[in-house]
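Chains as they are written, first to last, in my numbering: chain G, 29 to 448; chain V, 1360 to 1439.
Below, the structure is given as structure tokens:
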């Protein structure tokens, strides 16, 4: 029964055995190799080998030789080219060097690492913040460390790969429930035997379809069962909620969330991951969390850019408003053109366009690229229910005119490929 | 609940999932013989969990490849 489970970002364990040729350790990849070969045989540009030769702004780059509007970067708040952010990075590079060459618990904690954690505590108004080298490692570290042998992790089936891998790294019992299904979650929590510790893992925005979790109801159910709650707000930080703290803030339950996981590689505009919490014993995680201890810390320039960006995001309400306008216009416009979208209404800055199949999805992706538009092509097994998606993520730096240009590109490409 | 009863209840539950109308025996595998895909596995597991009021964690699912192993696992979980 393990076979076959490759739902969403869950690691795939079942790859068909090869036939007819000598087997070695790479034989397990034969099915993936064949899928890729068949796709590229149609002459389509490889959607997974795009190179950006020059990056002009948060919303424009030269991709495979073409001037391209970027609509698939998760650079929601457009902080990558913010002059204050860049200046802070240059200053740190000059004064602290290119890298730390060390773990946070040895020689890898500089003043800048403490400062970015202070910026996070201010941003979330929480007691503790711990910065990891990537968002992936933040989930890997917190989930695998907090839930141990004999404990239970109850998680949404559409969780991100980093959450599944955090479960796989630890020793807890892993119990998934149907996406955003409050009752299914409730029933599973109710069946956990007496004495088992409980961690509920949720996301604010699910990145594949761009839909939001009913956190208000789910957090209440989790608390009724005495569970701790971890919410990954990677795709909502900086944008959703009055202060940009995420979906938990927007739904009024942030004070009941035990751990918020986030990333610097989306709204913050650089790279890194973090966990913020009010738990009184939180700081001990610095000594017991292996993905935190056994890796080098972020370079000084990265933490300096992140700290500056986070502090600017605290005052980003105008940009947040513009990003909502952009998201609603793109969502409404694509719907009016006749595309099938991942959500009925605009729930986040992600607009997922559902493709009929991988072949036409790749064709549409290529047609858009030739129009001068970059979006993300997402295909199984990373997608729910085996869907092929063109995922668009908007940026606060897209102008209203650019959104209209984008809609024109979608209309021409969609008609050329025969999707609308 | 004895094994025979668990067996008979799971046989009823599996029917709507068995699109191929394949013969189901102790050694029938879910991925191979029944060609269950990921969505079907999830829905089938959920149906069993609700019927018997148990949890079959991912860890437990990893040990189950064929029908007989599933009946054994559910019998054991319901006996607790």
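Ideal Cβ placement from N, Cα and C applies to all residues, glycine included.
Continuous alpha helix (DSSP H) stretch holding residue i: start and end
i	result
residue 66 (chain G)	58 to 69
residue 124 (chain G)	111 to 124
residue 191 (chain G)	189 to 197
residue 1417 (chain V)	1417 to 1420
residue 165 (chain G)	163 to 174
residue 437 (chain G)	428 to 445
residue 399 (chain G)	386 to 399
residue 150 (chain G)	139 to 152
residue 1370 (chain V)	1362 to 1373
residue 277 (chain G)	275 to 278
Identified DSSP bridge partners for residue i
i	result
residue 96 (chain G)	G:89
residue 233 (chain G)	G:240
residue 103 (chain G)	Note: residue 103 (chain G) sits in no beta bridge, so no partner.
residue 208 (chain G)	Answer by DSSP bridge pairing: none, since residue 208 (chain G) is not bridged.
residue 1425 (chain V)	V:1388
residue 80 (chain G)	G:91
residue 227 (chain G)	G:181 and G:256
residue 1400 (chain V)	Partner(s): none; residue 1400 (chain V) has no beta bridge.
residue 287 (chain G)	G:258 and G:305
residue 201 (chain G)	G:180
Residue i vs residue j beta-carbon contact at 8 Å
i	j	result
residue 324 (chain G)	residue 137 (chain G)	no
residue 164 (chain G)	residue 295 (chain G)	no
residue 271 (chain G)	residue 217 (chain G)	no
residue 274 (chain G)	residue 367 (chain G)	no
residue 276 (chain G)	residue 243 (chain G)	yes
residue 362 (chain G)	residue 422 (chain G)	no
residue 166 (chain G)	residue 303 (chain G)	yes
residue 1401 (chain V)	residue 185 (chain G)	yes
residue 408 (chain G)	residue 125 (chain G)	no
residue 140 (chain G)	residue 331 (chain G)	yes
residue 431 (chain G)	residue 395 (chain G)	no
residue 1426 (chain V)	residue 1394 (chain V)	no
residue 262 (chain G)	residue 228 (chain G)	no
residue 317 (chain G)	residue 114 (chain G)	no
residue 180 (chain G)	residue 203 (chain G)	yes
residue 1381 (chain V)	residue 1388 (chain V)	no
residue 97 (chain G)	residue 433 (chain G)	yes
residue 1398 (chain V)	residue 413 (chain G)	yes
residue 175 (chain G)	residue 198 (chain G)	yes
Element boundaries [beta strand (DSSP E), containing residue i]
i	result
residue 420 (chain G)	416 to 421
residue 406 (chain G)	404 to 406
residue 184 (chain G)	180 to 184
residue 378 (chain G)	378 to 383
residue 468 (chain G)	This structure cannot speak to residue 468 (chain G), because chain G is shown only from 29 to 448.
residue 156 (chain G)	156 to 160
Of the residues the options, the one placed nearest residue i, counting alpha carbons only
i	options	result
residue 1418 (chain V)	G:113, G:182, G:314 and G:157	G:182
residue 374 (chain G)	G:387, G:358, G:365 and G:287	G:358
residue 248 (chain G)	G:98, G:235, G:154 and G:285	G:285
residue 342 (chain G)	G:56, G:110 and G:267	G:267
residue 177 (chain G)	G:201, G:381, G:440 and G:155	G:201
residue 307 (chain G)	G:146, G:333, G:173 and G:155	G:155
residue 371 (chain G)	G:385, G:148 and G:356	G:356
residue 256 (chain G)	G:240, G:207 and G:288	G:288
residue 364 (chain G)	G:426, G:330, G:250 and G:436	G:436
residue 108 (chain G)	G:313, G:120, G:62 and G:88	G:88
residue 369 (chain G)	G:418, G:133 and G:153	G:418
residue 346 (chain G)	G:424, G:401 and G:260	G:424
residue 187 (chain G)	G:199, G:392, G:174 and G:207	G:207
residue 405 (chain G)	G:264, G:383 and G:398	G:383
residue 281 (chain G)	G:301, G:246 and G:291	G:246
residue 112 (chain G)	G:135, G:51, G:50 and G:334	G:334
residue 283 (chain G)	G:225, G:60, G:259 and G:161	G:259
residue 80 (chain G)	G:70, G:66, G:69 and G:101	G:101
residue 429 (chain G)	G:403, G:353, G:90 and G:310	G:353
residue 314 (chain G)	G:402, G:157, G:239 and G:82	G:157
residue 401 (chain G)	G:52, G:68, G:278 and G:91	G:91
residue 388 (chain G)	G:66, G:53 and G:132	G:66
Heavy atom of the ligand MG within 7 Å of residue i beta-carbon
i	result
residue 330 (chain G)	Absent from the structure shown: the ligand MG. Ligands present: none.
Neighbour flag for residue i against chain A, beta carbons, 8 Å
i	result
residue 1372 (chain V)	Structure shown: chain A not included; protein chains present are G and V.
Fill in: Minimum length 4: unbroken alpha helix (DSSP H) runs contained in the stretch 292 to 369 of chain G
313 to 316, 318 to 321, 328 to 341 and 345 to 365
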